[in-house]
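In this note's numbering, the protein residues as written are 13 to 271. Using N, Cα and C, we set each Cβ at its ideal position, and we do this for glycine too.
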């Protein structure tokens, strides 16, 4: 979709351009370079000091806007908006009201579910944008961090658990940036299982559970913490291997260039 009418590309009412523009539009390539040939001859080429047609500017803005406001980015924005809402629900009425905690759990569940779908939609339908690359991991860590900090501040979860999980997430994020010059560390199956287990465990703690369910959530959180540590160490191992391979390839390339 170009979004630029033929009259804007070849000049208003220019004879000889309409046919060329129509032919190019029929083939799906109605650009200003093809519609500018004809009787006028020079209007399709951009000369120094010439101004871009207003229609072309509006078209480019519309395309950029569509690329930003896609469904994947909207789900990411929804997660970012849910973070302060979740905190308000979690801490409402002192933070121990079962009803408010249930509403907080609903907000947390929506955030975790949209986390699964936005990345899948972006990759499947080619909706990956620079905004999504930056905002998606921020939204993921914001909702999980908010939940952990709220639970620890209310005394429901030990602070060391919050420190281990958040420290691991932030540390791995920084590690990815450090070794990105050598390559990308792919997401492992263990990391995905860790994320799922963390979401279930934190969700169970957000709810005001008692009895056997309260005991069960303790063990689910213990598994989540163990997976957090194990997968974190695995990411460190992958980063070291990736860095060594990158350095070896650079050294080999330098030796080959010298030879």
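According to the DSSP assignment, residue 199 belongs to no alpha helix (DSSP H), since it is labelled neither H nor E. In this structure, the alpha-carbon of residue 208 lies about 50 angstroms from that of residue 270.
In the pairwise beta carbon analysis, the stretch 78 to 94 is classified as touching the stretch 131 to 141: at least three pairs are separated by under 8 angstroms. Note on geometry: alpha-carbon atoms of residue 189 and residue 198 lie some 13 angstroms from one another. Straight-line spacing of the CA atoms in residue 177 and residue 237 works out to 7 angstroms. Taking the CA atoms as reference points, residue 151 sits about 18 angstroms from residue 102. Annotation: the continuous alpha helix (DSSP H) that includes residue 266 extends over 224 to 270.
Contact annotation: residue 166 and residue 214 have beta-carbon atoms that are not nearer than 9 angstroms. When rounded, the separation of the alpha-carbon atoms in residue 191 and residue 262 is 14 angstroms. Around the Cβ of residue 267, a 10 Å sphere holds fewer than 16 other Cβ atoms; the residue is exposed. In the DSSP assignment, residue 142 falls within the unbroken alpha helix (DSSP H) covering 142 to 165. A straight-line Cα-Cα distance of about 31 angstroms links residue 96 and residue 224. Just measuring C-alpha positions, the residue of 99, 187, 91 sitting nearest residue 113 is 99.
Taking a C-beta distance under 9 angstroms as the contact criterion, residue 108 and residue 220 qualify as a contact pair. An exposed status is given to residue 146, since fewer than 16 other beta-carbon atoms sit within 10 Å of its beta-carbon.
About 15 angstroms separates the beta carbons of residue 244 and residue 201, which is beyond the 8 angstroms limit, so they are not a contact pair.
Judged by DSSP in its simplified three-state form, residue 110 adopts helix.
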